[in-house]
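Peer 1:
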Amino acid sequence: MRPACHLARRTLFQFAPRLRICAQRRCLLTLAIETSCDDTCVAILERHKNRSATLHFNSKITSDNRPYGGVYPIVAHESHQQNIAALVKRALSNLPAVSQSQADEEREERMVITDESGRSVRKKPDFVSVTRGPGARASLISGVDFAKGFAVALNIPLVAINHMQAHALTPRLVAALEKQNMENAETIPTDPPFPFLTLLVSGGHTMLVHSKDLCDHEIIANTTDIAIGDMLDKSARDVLPQILLDSAPCVMYGPLLENYAFPNNEEDGGERFSTHHAKEHSENTYGWKVNSPYARSGPRGISSNQESFSFSGIGSSAKRIADGNTNMDETERRLLAREIMRVSFEHLASRVLLALEKAEIKHNTVG
18 MRPACHLARR TLFQFAPRLR ICAQRRCLLT LAIETSCDDT CVAILERHKN RSATLHFNSK
78 ITSDNRPYGG VYPIVAHESH QQNIAALVKR ALSNLPAVSQ SQADEEREER MVITDESGRS
138 VRKKPDFVSV TRGPGARASL ISGVDFAKGF AVALNIPLVA INHMQAHALT PRLVAALEKQ
198 NMENAETIPT DPPFPFLTLL VSGGHTMLVH SKDLCDHEII ANTTDIAIGD MLDKSARDVL
258 PQILLDSAPC VMYGPLLENY AFPNNEEDGG ERFSTHHAKE HSENTYGWKV NSPYARSGPR
318 GISSNQESFS FSGIGSSAKR IADGNTNMDE TERRLLAREI MRVSFEHLAS RVLLALEKAE
378 IKHNTVG
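So for the sequence shown, the working numbering puts the first residue at 18; every next one is plus one.
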């Protein structure tokens, strides 16, 4: 993640004189494009002089991959090609408006937009930001190619973003957005202050990141096989009744699995974890067991202290149990769904607790 930061820094301030001037006066306006998977996302984000931020536009269009039961690269790529221009056009109409006097004084920093509501003068973005990775190659190319052309057309810099680094900094963005209506925003520190830990969990990634500075991030723990979101989506396809899968609005089946496992929300589960408690849950009258990752053999079932995540074994256990009992009744099926969720998130939490015990993190991390 660190090389990406250095690249972004050079792109912004070494090769973009106009942007450097804007940075010195502490205001930035960007049009952002994200196409790392099956979502086509466009946003307009502005940083103000008082260190607050405004999200002027934020929208996405998700490709329909339901016939395939998962994200199909060609379908996602075609969806990006079909929708990215329309989203950017909508975004441009949400750029900050410029008064006539400002337009005359700052001619190079404004642009004329014509849409359904007529003609208006808008503030020109200082740069275009686009996800360069990680993600699906074909999807990333769609966004990068469009962003390149758009940046050339407006004669503004292009900044390539590692979106996992961006995710790690999202808490500070949220804090900046919350400060936009505060009179003393400039004197209020942006939370969380460095250093801090971020747990990044998605369909493609599961990692624990130690952020020491804006451009200094260390991955403390990463997955050795697949992400927790990917595993939950696949397990849902193996465990859930087909009629429930067919009713899903998209192929992100993880929330569907959670709702099936815990239909009463907070009334289900919520028990304090202990090794004895976990052993009780793993034993049932059906004769199957979802093993915890890195579990050692023995009466106490002690987990290893390996600083990484592993979820493929949980998914394999779920598939083996479901395939071995095609006539599973709803009670057993719901119990299996619960066990998948329990083991997955206990494993997730255990790696975070291990990281918090590290001396360099325990004594230097806030919050």
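We put the beta carbon where it would ideally sit given N, CA and C, even for glycine.
Computed from a predicted model, the values in this text were never measured in an experiment.
1. Consult DSSP for H180 and reduce its assignment to one of helix, strand or coil.
2. State the start and end residues of the unbroken beta strand (DSSP E) segment that holds D56.
3. Can you list, in chain order, the residues of its chain with a C-beta nearer than 8 Å to that of K379? Leave out the 5 residues immediately preceding and following it.
4. Mark Q99 as exposed unless 16 or more other C-beta atoms lie within 10 angstroms of its C-beta, in which case mark it buried.
5. Anyone know if the C-beta pair for P90 and A155 falls short of 8 Å?
6. Return helix, strand or coil for H73, following the three-state DSSP convention.
7. Rounded to the nearest angstrom, how far is the Cβ of P310 from that of H227, given a contact under 8 Å?
8. With a threshold of 7 Å on Cβ separation, who are the neighbours of E203 within its own chain once the five nearest residues in sequence on each side are excluded?
9. Between the beta-carbon of R149 and the beta-carbon of A168, is there less than 8 Å?
10. Which two residues bound the contiguous alpha helix (DSSP H) that contains F362?
11. Ordered along the chain, which non-local residues of its own chain (more than five positions away) have a Cβ less than 6 Å from that of M224?
12. Starting from F144, follow the beta strand (DSSP E) in both directions and report where the run begins and ends.
13. Identify which residue in N281, I338 and L371 has its Cα closest to the Cα of K306.
14. Select from R139, P151, Q259 and F74 the residue whose C-alpha is nearest the C-alpha of L171.
15. Starting from M224, follow its DSSP beta bridges and name the residues at the other end.
16. For T52 versus G166, is the C-beta spacing smaller than 8 Å?
17. Where does the unbroken alpha helix (DSSP H) through A103 begin, and where does it stop?
18. What are the boundary residues of the beta strand (DSSP E) that H46 is part of?
19. Ends of the beta strand (DSSP E) at S137?
Peer 2: So, from the listed chains and residues:
1. The residue labelled residue 180 in the question sits at position 163 within the sequence shown. H180: helix per DSSP, three-state reduction.
2. Numbered from its first residue, the sequence shown carries residue 56 at position 39. D56 to R64 is the span of the beta strand (DSSP E), which, as asked, contains D56.
3. Translated into positions along the sequence shown, residue 379 becomes position 362. For K379, where only same-chain residues beyond five positions count, the Cβ hits under 8 Å are L373.
4. As a working note, residue 99 is residue 82 in the sequence shown. Label assigned to Q99: exposed.
5. In the sequence shown, residue 90 corresponds to position 73, counting from 1. In the sequence shown, residue 155 corresponds to position 138, counting from 1. Going by C-beta atoms, P90 is nearer than 8 Å to A155.
6. Within the sequence shown, numbered from 1, the residue matching residue 73 stands at position 56. The answer is strand: DSSP assigns H73 an E or B state.
7. To locate residue 310, count along the sequence shown from 1; it is residue 293. To locate residue 227, count along the sequence shown from 1; it is residue 210. In fact, because the Cβ distance is near 22 Å, the residues do not count as touching under 8 Å.
8. Numbered from 1 along the sequence shown, position 186 holds the residue referred to as residue 203. These residues qualify, in order along the chain: N67 and R68.
9. Translated into the one-based positions of the sequence shown, residue 149 becomes position 132. Translated into the one-based positions of the sequence shown, residue 168 becomes position 151. Against a cut-off of 8 Å, the Cβ pair of A168 and R149 comes out as no contact.
10. Numbered from its first residue, the sequence shown carries residue 362 at position 345. E347 to L373 is the span of the alpha helix (DSSP H), which, as asked, contains F362.
11. Residue mapping note: residue 224 aligns to position 207 of the sequence shown, counting from 1. Within the same chain, M224 has close Cβ partners L217, I236 and N239.
12. The count along the sequence shown starts at 1 and reaches residue 144 at position 127. Run containing F144: F144 to G150, per the beta strand (DSSP E) assignment.
13. Locating residue 306 in the sequence shown gives position 289, where the first residue counts as 1. Taking only the C-alpha atoms, the option nearest K306 is I338.
14. Taking the first residue of the sequence shown as position 1, residue 171 is located at position 154. The shortest Cα separation from L171 among R139, P151, Q259 and F74 belongs to R139.
15. As a position in the sequence shown, residue 224 is number 207, starting the count at 1. According to DSSP, which records beta bridges pairwise, M224 is partnered with L217 and N239.
16. Counting from 1 along the sequence shown, the entry for residue 52 is found at position 35. Counting from 1 along the sequence shown, the entry for residue 166 is found at position 149. No, these two residues do not count as a Cβ contact at 8 Å.
17. Residue 103 sits at position 86 when you count from the first residue of the sequence shown. Segment P90 to L109, the alpha helix (DSSP H) holding A103.
18. By 1-based counting over the sequence shown, the position of residue 46 is 29. Reading the sequence as shown, one finds Leu at residue 46 and not His. It spans L45 to E51 - the beta strand (DSSP E) in which L46 sits, taken as one unbroken run.
19. As a first step, residue 137 must be located in the sequence shown, where it is residue number 120. Note, S137: beta strand (DSSP E), G135 to K140.
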